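Engineer: Heads up: the sequence lines are chains A and B, in that order. Residue 518 in the UniProt record's numbering sits at position 518 of the first sequence, and the numbers go up by one each step. Residue 287 in the UniProt record's numbering sits at position 287 of the second sequence, and the numbers go up by one each step.
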Amino acid sequence: MSPQKRVKNVKAQNRISQGSNSFQTTLSAWKVKQGPSNSKNISKHGQNNPVGDYEHADDQAEDALQMAVEYFEKGPVKTSQNKDKTLEKHLKTVENVAWKNGLASEEIDVLLNIALSGKFGNAVNTRILKCMIPATVISQDSVVKAVSWLCVDKCSGSTKVLFYRWLVAMFDFIDRKEQINLLYSFFFASLQDDALCPYVCHLLYLLTKKENVKPFRVRKLLDLQAKMGMQPHLQALLSLYKFFAPALISVSLPVRKKIYFKNSENLWKMALLAVKQRNQGPSPEPLKLMLGPANVRPLKRKWNSLSIIPVLNSSSYTKECGKKEMSLSDCLNRSGSFPLEQLKSFPQLLQNIHCLELPSQMGSVLNNSLLLHYINCVRDEPVLLRFYYWLSQTLQEECIWYKVNNYEHGKEFTNFLDTIIRAECFLQEGFYSCEAFLYKSLPLWDGLCCRSQFLQLVSWIPFSSFSEVKPLLFDHLAQLFFTSTIYFKCSVLQSLKELLQNWLLWLSMDIHMKPVTNSPLETTLGGSMNSVSKLIHYVGWLSTTAMRLESNSTFLLHFILDFYEKVCDIYINYNLPLVVLFPPGIFYSALLSLDTSILNQLCFIMHRYRKNLTAAKKNELVQKTKSEFNFSSKTYQEFNHYLTSMVGCLWTSKPFGKGIYIDPEILEKTGVTEYKNSLNVIHHPSFLSYAVSFLLQESPEERTVNVSSIQGKKWSWYLDYLFSQGLQGLKLFIRSSVHHSSVPRAEGINYNNQY
Amino acid sequence: MDSYDVPESTPSASSRPEDYFVGATPLQKRLESIRKQTSFIPTPPRRKVPQCSQLQEDVDPQKVAFLLHKQWTLYSLTPLYKFSYSNLKEYSRLLNAFIVAEKQKGLAVEVGEDFNIKVIFSTLLGMKGTQRDPEAFLVQGLILSPRLECSGTILAYCNLCLLGSSDPSTLAFQVAGTTGACHHTRILSKSQLPSENREGKVLWTGWFCCIFGDSLLETVSEDFTCLPLFLANGAESNTAIIGTWFQKTFDCYFSPLTINAFNLSWMAAMWTACKVDHYVATTEFLWSVPCSPQSLDISYAIHPEDAKALWDSIHKTPGEVTQEEVDLFMDCLYSHFHRHFKIHLSATRLVRVSTSVASAHTDGKIKILCHKYLIGVLAYLTELAVFQIE
Chain A
1 MSPQKRVKNV
11 KAQNRISQGS
21 NSFQTTLSAW
31 KVKQGPSNSK
41 NISKHGQNNP
51 VGDYEHADDQ
61 AEDALQMAVE
71 YFEKGPVKTS
81 QNKDKTLEKH
91 LKTVENVAWK
101 NGLASEEIDV
111 LLNIALSGKF
121 GNAVNTRILK
131 CMIPATVISQ
141 DSVVKAVSWL
151 CVDKCSGSTK
161 VLFYRWLVAM
171 FDFIDRKEQI
181 NLLYSFFFAS
191 LQDDALCPYV
201 CHLLYLLTKK
211 ENVKPFRVRK
221 LLDLQAKMGM
231 QPHLQALLSL
241 YKFFAPALIS
251 VSLPVRKKIY
261 FKNSENLWKM
271 ALLAVKQRNQ
281 GPSPEPLKLM
291 LGPANVRPLK
301 RKWNSLSIIP
311 VLNSSSYTKE
321 CGKKEMSLSD
331 CLNRSGSFPL
341 EQLKSFPQLL
351 QNIHCLELPS
361 QMGSVLNNSL
371 LLHYINCVRD
381 EPVLLRFYYW
391 LSQTLQEECI
401 WYKVNNYEHG
411 KEFTNFLDTI
421 IRAECFLQEG
431 FYSCEAFLYK
441 SLPLWDGLCC
451 RSQFLQLVSW
461 IPFSSFSEVK
471 PLLFDHLAQL
481 FFTSTIYFKC
491 SVLQSLKELL
501 QNWLLWLSMD
511 IHMKPVTNSP
521 LETTLGGSMN
531 SVSKLIHYVG
541 WLSTTAMRLE
551 SNSTFLLHFI
561 LDFYEKVCDI
571 YINYNLPLVV
581 LFPPGIFYSA
591 LLSLDTSILN
601 QLCFIMHRYR
611 KNLTAAKKNE
621 LVQKTKSEFN
631 FSSKTYQEFN
641 HYLTSMVGCL
651 WTSKPFGKGI
661 YIDPEILEKT
671 GVTEYKNSLN
681 VIHHPSFLSY
691 AVSFLLQESP
701 EERTVNVSSI
711 QGKKWSWYLD
721 YLFSQGLQGL
731 KLFIRSSVHH
741 SSVPRAEGIN
751 YNNQY
Chain B
1 MDSYDVPEST
11 PSASSRPEDY
21 FVGATPLQKR
31 LESIRKQTSF
41 IPTPPRRKVP
51 QCSQLQEDVD
61 PQKVAFLLHK
71 QWTLYSLTPL
81 YKFSYSNLKE
91 YSRLLNAFIV
101 AEKQKGLAVE
111 VGEDFNIKVI
121 FSTLLGMKGT
131 QRDPEAFLVQ
141 GLILSPRLEC
151 SGTILAYCNL
161 CLLGSSDPST
171 LAFQVAGTTG
181 ACHHTRILSK
191 SQLPSENREG
201 KVLWTGWFCC
211 IFGDSLLETV
221 SEDFTCLPLF
231 LANGAESNTA
241 IIGTWFQKTF
251 DCYFSPLTIN
261 AFNLSWMAAM
271 WTACKVDHYV
281 ATTEFLWSVP
291 CSPQSLDISY
301 AIHPEDAKAL
311 WDSIHKTPGE
321 VTQEEVDLFM
331 DCLYSHFHRH
341 FKIHLSATRL
351 VRVSTSVASA
361 HTDGKIKILC
371 HKYLIGVLAY
381 LTELAVFQIE
């Protein structure tokens, strides 16, 4: 490349890289050029506008650098009198530019050549090497050239060491590494040199690929080990060799050791950061392997753990076993497969999904989200089976309530369960092993330890036939449910709500994606719907009993209604043909509750039921044909019954007539004279306070308020007041279910038109 | 047509059944079996009295003798992935290097080098219940006497390091007396028992077997080798190292197999029912009473012929043992004990049973004494192991 072109390049790079802080850098470059030769130029361009000025200053910096490079290229001029001074000046120029902006790859190429060729003295070489900081990248050819200088032995030992340190530090910035990898044997031979050995080890550690690991090299390294004893850098390289060729070498790293290499980078720490910033773009992440100790710990408790989940490792043993010599086809095959350690992104996974090397221990996927994707979509039975066995056994081994008085590892187990739950949430799918674990361990569970984790696992049970799961799971859970505190009841209801949601999501996806469900348990949609409705009825039974046990606790009722908020919207939200109403025990408890928010929630649920039922009705009318999923008239009747009761109580002040019927004689015996309107939106115990504050708002001075005065116009003002207090459910309910006419009446859903 | 109906003729319909079988079935099947298992009584109410098996005749008597009269620690083992019987020699090389590397932390060793620890894999031909059962195999760790003439400096270095190392587990291995003979890389033939090898001293033994493991075999594909029962004899630290290697190499999982009191009483009944020509040991039970400050053990020894007589008086269905018979057998023992000592043994915990056939401890320790019923004892243990891993 001609000098002219080179300059252009540098300029372009400078402009790109400098961005907003160009002012500072240019200024410094300016100072550099205040040598005697350039003073005239500066004065000439002094009056130019700033932009042009800076650009020009850039040019000048480049000129100076170019001169310096040319000077070094020519070599020291013997005749020159102020030789040292010129050398010093040019060195300074190079150093300054290098540390500020980095050098272009061509300049590095030239200067590296000079530093290693031994034209100048040792001190100069060192200084040049120290400032070989790339602007963006280093071309691999320059490295190859530099290495060739090492062969002719022109430079001193310390320069060599510095060069290797530089190579290690700058390794990530070398544009390509194929040629360098071809020099593997040369580097390997340099291990002999005691001074170079640690750095060469580090370089080899970065450079080694699977095909570089050869039996003769293994032997050589072992010789070195025998000569030098346990050296950390050698250990690291050896364990990398073991990683690639476990059939050739075996090593186990000590547990506590963390640092294996002398830090080569600290000479260039700041510069490296700067280069990284300049490069910004997606530079390929270098392959650096985890150097972990092998997980053997002969503890009393169990062997398999530093952590419960094994470390990710490609399965390299099994493939090579039995073949001492690697055949050609074998090599080809191996290069075709994609090593797990390089798997860093989802696109990579997609590209290599057909040739992915699987981990030697399937359990390690739990910590790797990309592989979890793989596990999720793979249909390979051995993969799933290996994961299944590992997870089942680990859960069983770790489960703390299997072992009497062994609660010290509770924390570890909780963390493990959390990891599993994270993975399940990530995949939106439960694991079979967890289901099996639940069935086995629930009868022994005390309902206390790991409660939240355990209940979350329950909510991730894969969809299956309810009647099969009931004796295994729900019957045991019910025992705990009835005998535990209200908080336990609430958390069980919460997790059952999540279970229902997961089942519904799964079913709604399944219907649209795979018409034949891949679950052999329920082959028809009718069967699936039946299972879901059984679950809902079961929760209805649980909640009715729980309400009795907890004497109609409002807190509990909130959780129950939360569940029904999911239930009432199945038809519309999940597009599944199912509407199940709540049992009377829940409906009337909520209707007669003293808590406004409960009543509000009830109104909202009734509103949603109405929407779902009307949508279902409409669909039936449109489709004309009768399908097996038409709801029975019983559902509509039930809903209308609830609706009449509700409107009768809250709106028309005719409770106990339609809907809920109580003999008037009994009502009279209670001694309440005005029972008829005592449950309407004004007198209902949960609304009474609203009515009073509504009246007080109107006439704050009033000593006595008569809530019965809310009538006619005031009635609708009062309603507006209620809506403004955040009772949105009530608003929706009244808007949809009550006709605003002179004769308010409940608007039921006509269920007779088809039957 | 309803939108929820299954569309009958989609182009992918032809490939579907295949997907169905490959993808969902094995795990679903497994899950169903678990459901059945947990919903009903975990153990079948009747079993066969251990019989002398036909296949066992083929077993090398020396090998059987080697397995008897040793205390084994029981483990259950999930199926081994990609295990191959043709690679045993290679496995032994790898495992050998792995052990040596573990023993001398941080020092790399070459696979296939000669060490003073040697691992040998050998199959136990005929050790199976049915023809379908995979072949059992034995793994032995030997410590060889330090060699006087060595082939290389590295080797000498390794040896030195081993002997001088402060690892207690290494020191615990007694080094056999120096014979002075240089034993070159002897490849021991499969039939030859390592214990005969005078130069080497066995420091660890473990064996994998599967006797009547049909229920497990049905549910896995051919990539897996089902050997659900693993028995180890030797220092636990060695078991840990070797177990770890197996876990890493074949993606399997070892878990200690304990025997609960319920199963111990089954063992007691079944082993008493066995016909033994001459009794070598008394029938003995050990109960543990959990009371503070220290627990109390109650040992109850019966003359084996008396036990047999008691069993015969209870036993009804020939060749089979039923749950009622087991319960009755234990109840008789309890009431007899109560008559003399006024102690209700049923309130305590049975921790050990020893008979002339075998003895078992609740911690998962077993010792088999009678070679005739070896297969029978192992069949029951396999059943327990399969139950644990299912």
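No residue lacks a Cβ here, since even glycine has one placed at the ideal position from N, Cα and C. Just so you know, these numbers come straight off a predicted model, no measurement behind them.
(1) Taking its Cβ as the centre, do 16 or more other Cβ atoms sit within 10 Å of B:S295, making it buried, or is it exposed?
(2) Reducing DSSP to helix, strand and coil, say where A:G527 ends up.
(3) Please determine if the stretch 309-323 of chain B and the stretch 262-278 of chain B are in contact, where contact requires at least 3 C-beta pairs separated by less than 8 Å.
(4) Got a sec, what are the start and stop residues for the alpha helix (DSSP H) A:N640 sits in?
(5) Give the interface partners of B:V389 over in chain A, defined as CB-CB distance under 9 Å, in chain order.
(6) Identify every residue that forms a DSSP beta bridge with A:P471.
(7) Is it buried or exposed, B:H340, if we count other Cβ atoms within 10 angstroms and call 16 or more buried?
(8) B:D251 and B:Y81: beta carbons closer than 9 Å?
(9) Compute the beta-carbon to beta-carbon distance between A:L472 and A:Y439, rounded to the nearest angstrom, for a pair I have assumed lies under 8 Å.
(10) With 9 Å as the threshold, decide whether the Cβ of A:G292 is near any Cβ in chain B.
(11) Return the CA-CA distance between A:Y432 and B:I242, expressed in angstroms with no decimal places.
(12) Just to confirm, is the Cβ distance from A:H476 to A:W503 under 9 Å?
(13) Look up B:A360 in the DSSP assignment and say whether it is helix, strand or coil.
(14) In chain A, what lies closer than 7 Å to B:S292 by C-beta?
(15) Buried or exposed: A:T394, going by 16 or more other Cβ atoms within 10 Å of its Cβ?
(16) Report buried or exposed for B:S86, applying the criterion of at least 16 other Cβ atoms within 10 angstroms of its Cβ.
(17) Excluding five sequence neighbours on each side, which residues of the same chain lie with their C-beta closer than 6 Å to the C-beta of B:M330?
(18) On a Cα-Cα basis, can you pick out the residue from B:L229, B:T283, B:L333 that is closest to B:T73?
(19) Looking only at C-alpha atoms, which of B:A358, B:I389, B:L88 sits nearest to B:S255?
(20) Mind checking who B:I298 pairs with in its DSSP beta bridge?
(21) With a threshold of 9 Å between beta-carbons, can A:V218 be considered close to chain B, or not?
(22) Pull up the distance between the alpha-carbon of A:Y402 and that of A:P443, whole angstroms please.
(23) I'd like the span of the alpha helix (DSSP H) that includes B:P61, first residue to last.
(24) Straight-line CA distance for A:M132 to B:K105?
(25) Please tell me whether, using a cut-off of 8 Å, the distance from the CB of A:Y588 to the nearest non-hydrogen atom of the ligand COA is below it.
(26) State yes or no: is the beta carbon of A:Y241 nearer than 9 Å to at least one beta carbon in chain B?
(27) Measure the C-alpha to C-alpha separation of A:L204 and A:E398 and round it to an integer number of angstroms.
(28) Would you say A:I249 faces chain B, with C-beta separation under 9 Å as the test?
(29) If we ignore side chains and look at the alpha-carbon of each, how far apart do A:M230 and A:I128 end up?
(30) Indicate whether at least one CB of chain B lies closer than 9 Å to the CB of A:Q361.
(31) Kindly indicate if chain A contains any beta-carbon less than 9 Å away from that of B:T249.
(32) Report buried or exposed for B:A268, applying the criterion of at least 16 other Cβ atoms within 10 angstroms of its Cβ.
(33) Counting C-beta neighbours from all protein chains within 10 Å, is the total for A:E70 16 or more, i.e. buried, or is it exposed?
(34) In angstroms, rounded to a whole number, what distance separates the CA positions of A:H558 and A:L499?
(35) Can you grab the Cα-Cα spacing for the pair A:E567 / A:S689, in whole Å?
(36) Excluding the 5 residues preceding and the 5 following A:R735 in the sequence, name in chain order all residues of the same chain whose CB lies nearer than 7 Å to its CB.
Structural biologist: The structure says:
(1) Counting from one through the second sequence, the residue named residue 295 of chain B turns up at place 295. Residue burial annotation: B:S295 is exposed, with fewer than 16 other C-beta atoms found within 10 angstroms of its C-beta.
(2) Here residue 527 of chain A refers to the residue found at position 527 when the first sequence is read from its first residue. When secondary structure is reduced to three states using DSSP, A:G527 falls in the helix class.
(3) Flag = yes, the stretch 309-323 of chain B and the stretch 262-278 of chain B touch.
(4) Here residue 640 of chain A refers to the residue found at position 640 of the first sequence. Residues 633-650.
(5) Within the second sequence, the letter at position 389 stands for residue 389 of chain B. As written in the sequence, residue 389 of chain B is Ile, which differs from the Val given in the question. Under the 9 Å cutoff, chain A gives Y389, S392, Q393, Q396.
(6) In the first sequence, the residue the question calls residue 471 of chain A occupies position 471. None; A:P471 has no bridge partner.
(7) One-based indexing of the second sequence puts residue 340 of chain B at position 340. Around the CB of B:H340, fewer than 16 other CB atoms lie within 10 Å, so the residue is classed as exposed.
(8) For the purposes of this step, residue 251 of chain B is taken as residue 251 along the second sequence, with counting starting at 1. For the purposes of this step, residue 81 of chain B is taken as residue 81 along the second sequence, with counting starting at 1. Remark: C-beta atoms of B:D251 and B:Y81 approach each other more closely than 9 Å.
(9) What you label residue 472 of chain A is simply residue 472 of the first sequence in a count that begins at 1. What you label residue 439 of chain A is simply residue 439 of the first sequence in a count that begins at 1. Contact between A:L472 and A:Y439 holds, with the beta-carbon distance rounding to 5 Å and staying under 8 Å.
(10) For the purposes of this step, residue 292 of chain A is taken as the residue at position 292 of the first sequence. Annotation note: pLDDT 45 at A:G292 (below 50); position unreliable, coordinate value reported separately. It does not; no Cβ of chain B falls within 9 Å.
(11) Taking the first sequence and counting its residues from 1, one reaches residue 432 of chain A at position 432. Taking the second sequence and counting its residues from 1, one reaches residue 242 of chain B at position 242. Separation of A:Y432 and B:I242 (C-alpha to C-alpha, rounded to the nearest whole angstrom) is 29 Å.
(12) In the first sequence, residue 476 of chain A corresponds to position 476, counting from 1. In the first sequence, residue 503 of chain A corresponds to position 503, counting from 1. Contact annotation: A:H476 and A:W503 have beta-carbon atoms that are not nearer than 9 Å.
(13) Your numbering for residue 360 of chain B matches position 360 in the second sequence. Secondary structure at B:A360: strand, using DSSP grouped into helix, strand and coil.
(14) Sequence index remark: in the second sequence, residue 292 of chain B carries index 292 (1-based). Neighbours of B:S292 on chain A: none; closest Cβ ~13 Å, over 7 Å.
(15) Here residue 394 of chain A refers to the residue found at position 394 of the first sequence. Its Cβ being crowded by 16 or more others within 10 Å, A:T394 is buried.
(16) Position 86 of the second sequence, counting from 1, holds the residue named residue 86 of chain B. Exposed: under 16 other Cβ atoms inside 10 Å.
(17) Here residue 330 of chain B is taken as the residue at index 330 of the second sequence, counted from 1. In its chain, beyond the 5 residues on either side, S265 have a beta carbon closer than 6 Å to the beta carbon of B:M330.
(18) Sequence index remark: in the second sequence, residue 73 of chain B carries index 73 (1-based). Selected option, being the one with the closest Cα: B:L229.
(19) Here the question's residue 255 of chain B lines up with position 255 in the second sequence. Nearest of B:A358, B:I389, B:L88 to B:S255, Cα basis: B:I389.
(20) The residue labelled residue 298 of chain B in the question sits at position 298 within the second sequence. In DSSP, B:I298 forms a bridge with B:W287.
(21) Along the first sequence, one-based indexing puts residue 218 of chain A at 218. For A:V218, the closest Cβ of chain B is nearer than 9 Å.
(22) Within the first sequence, numbered from 1, the residue matching residue 402 of chain A stands at position 402. Within the first sequence, numbered from 1, the residue matching residue 443 of chain A stands at position 443. Between A:Y402 and A:P443, the C-alpha separation is close to 11 Å.
(23) As a position in the second sequence, residue 61 of chain B is number 61, starting the count at 1. B:P61 -> alpha helix (DSSP H) spans 61-67.
(24) Position 132 of the first sequence, counted from the first residue, corresponds to residue 132 of chain A. Position 105 of the second sequence, counted from the first residue, corresponds to residue 105 of chain B. The alpha-carbon atoms of A:M132 and B:K105 are separated by roughly 40 Å.
(25) This structure does not include the ligand COA; it has no bound ligands of any sort.
(26) Here residue 241 of chain A corresponds to residue number 241 of the first sequence, with the count starting at 1. At least one chain B Cβ lies under 9 Å of A:Y241.
(27) Within the first sequence, residue 204 of chain A is the residue found at index 204, counting from 1. Within the first sequence, residue 398 of chain A is the residue found at index 398, counting from 1. A:L204 and A:E398: Cα-Cα distance of roughly 41 Å.
(28) Position 249 of the first sequence, counted from the first residue, corresponds to residue 249 of chain A. Yes, contact with chain B.
(29) Translated into the one-based positions of the first sequence, residue 230 of chain A becomes position 230. Translated into the one-based positions of the first sequence, residue 128 of chain A becomes position 128. For A:M230 and A:I128, the distance between alpha carbons rounds to 35 Å.
(30) Taking the first residue of the first sequence as 1, we reach residue 361 of chain A at position 361. By this cut-off, A:Q361 is an interface position.
(31) Here residue 249 of chain B refers to the residue found at position 249 when the second sequence is read from its first residue. True, the Cβ-Cβ gap to chain A drops below 9 Å.
(32) Residue numbering aside, residue 268 of chain B sits at position 268 when the second sequence is read from its first letter. Classification for B:A268: buried.
(33) As a working note, residue 70 of chain A is residue 70 in the first sequence. That one is exposed.
(34) Within the first sequence, residue 558 of chain A is the residue found at index 558, counting from 1. Within the first sequence, residue 499 of chain A is the residue found at index 499, counting from 1. A straight line joining the alpha-carbon of A:H558 with that of A:L499 spans about 18 Å.
(35) Working through the first sequence from its first residue, we reach residue 567 of chain A at position 567. Working through the first sequence from its first residue, we reach residue 689 of chain A at position 689. Reading off the sequence shown, one finds Val at residue 567 of chain A, where the question assumed Glu. Near 31 Å, if we compare the C-alpha coordinates of A:S689 and A:V567.
(36) Here the question's residue 735 of chain A lines up with position 735 in the first sequence. Apart from the 5 residues on each side of it in sequence, A:R735 has no Cβ closer than 7 Å to any other Cβ in its chain.
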